[in-house]
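A.B. asks: Residue numbers (the numbering used here): 8 to 320.
All residues carry an ideal CB built from backbone N, CA and C; glycine is no exception.
1. In the DSSP assignment, find the beta strand (DSSP E) that holds residue 168 and state where it starts and stops.
2. Would you say the region 124-138 touches the region 147-163, given that touching needs at least three Cβ pairs under 8 Å?
3. Given 8 Å as the limit, is there contact between the region 57-68 and the region 240-259, that is, 3 or more CB pairs closer than that?
4. Taking the alpha-carbon positions, what's the residue 241 to residue 155 distance?
5. Tell me whether the beta-carbon of residue 165 lies closer than 7 Å to the beta-carbon of residue 143.
6. Would you give the residue range spanned by the alpha helix (DSSP H) that residue 266 belongs to?
7. Are the beta-carbon atoms of residue 162 and residue 201 separated by less than 7 Å?
8. Relative to the alpha-carbon of residue 97, which residue among 109, 128, 69, 81 has its alpha-carbon at the smallest distance?
9. For residue 53 and residue 203, I'd like the C-alpha separation in whole angstroms.
10. Compute the distance between the beta-carbons of residue 232 and residue 63, then report whether it is under 7 Å.
11. To the nearest angstrom, how far is the alpha carbon of residue 228 from that of residue 42?
12. Please determine, among 257, 159, 39, 106, the residue with the shortest C-alpha to C-alpha distance to residue 100.
13. Identify every residue that forms a DSSP beta bridge with residue 197.
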């Protein structure tokens, strides 16, 4: 009897380990942007870019209405913990975007808490510092502070560039998902320094990212923070792009239909930044016989899709 109970428990453990870790594709997306509906031609261009961003991600959802857009980040206290929940549960992905406008500091405080406490599985930032020092301090510096505190990182602000070339980091574990996007040039952007090499998604130069110190890089245009690294494994997985350039009308046709699939694949696949390792469980025997002397069995558990999480030197 005890052998039968033990075997049943082993079988149940194998089933739970193998069946409870499947990663669903993001189905509910929250898009947070700075305020829309401006009469300024320049800001109207930004609003059109937000429309393109929204339509890009809506186009890959089974139900395009499962993306909610709130253009409120310029207002003080515009978001709270309740913003990140729906009647059916939390959002799978939260996208934060700004261009030419400052996100109010009170909202960055909430975003920091969202990062640290995983109010969504994935958080994607398209944030630039165009076009003056106030924007750099109000968006880039505050965002880096939120990332550092919320995910326990140690990033710093790098140099600003205009129209410079961009290169995908071939050593990134997520490079394959972004190969087809073809981002090779940015608009007005500020780079991030002191990023661990395997967290670098895009470099701000058409070369290998510049080494800042052993195991880290400067001049980073895009980065990832896998869930396992974020706030000691308690935070959201994170993608950061230091630009919204590719959603603007003058270049949008080049990237349309490529950006959302890349981010969703990198975020939701089993080997992605938000993925849970796939578990394989097997016994070395097909059956056990009660009342015999040979009732030993070995349960082998293997992680099939572990993605590198730390930089090596």
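C.D. replies: Taking the geometry as given:
1. Where residue 168 is concerned, the enclosing beta strand (DSSP E) starts and stops at 163-169.
2. The answer is yes - the region 147-163 touches the region 124-138, with three or more Cβ pairs under 8 Å.
3. Output reads yes: the region 240-259 touches the region 57-68.
4. Separation of residue 241 and residue 155 (C-alpha to C-alpha, rounded to the nearest whole angstrom) is 14 Å.
5. Judged by their CB atoms, residue 165 and residue 143 are not nearer to each other than the 7 Å cut-off.
6. Unbroken alpha helix (DSSP H) run through residue 266: 266-275.
7. Yes. Within cutoff.
8. It is 128 whose Cα lies nearest to the Cα of residue 97.
9. So the alpha carbons of these two residues sit roughly 32 Å apart.
10. Result no, Cβ atoms of residue 232 and residue 63 do not sit closer than 7 Å.
11. So the alpha carbons of these two residues sit roughly 24 Å apart.
12. When each option's Cα is compared against that of residue 100, the closest is 39.
13. Partner(s): 167.
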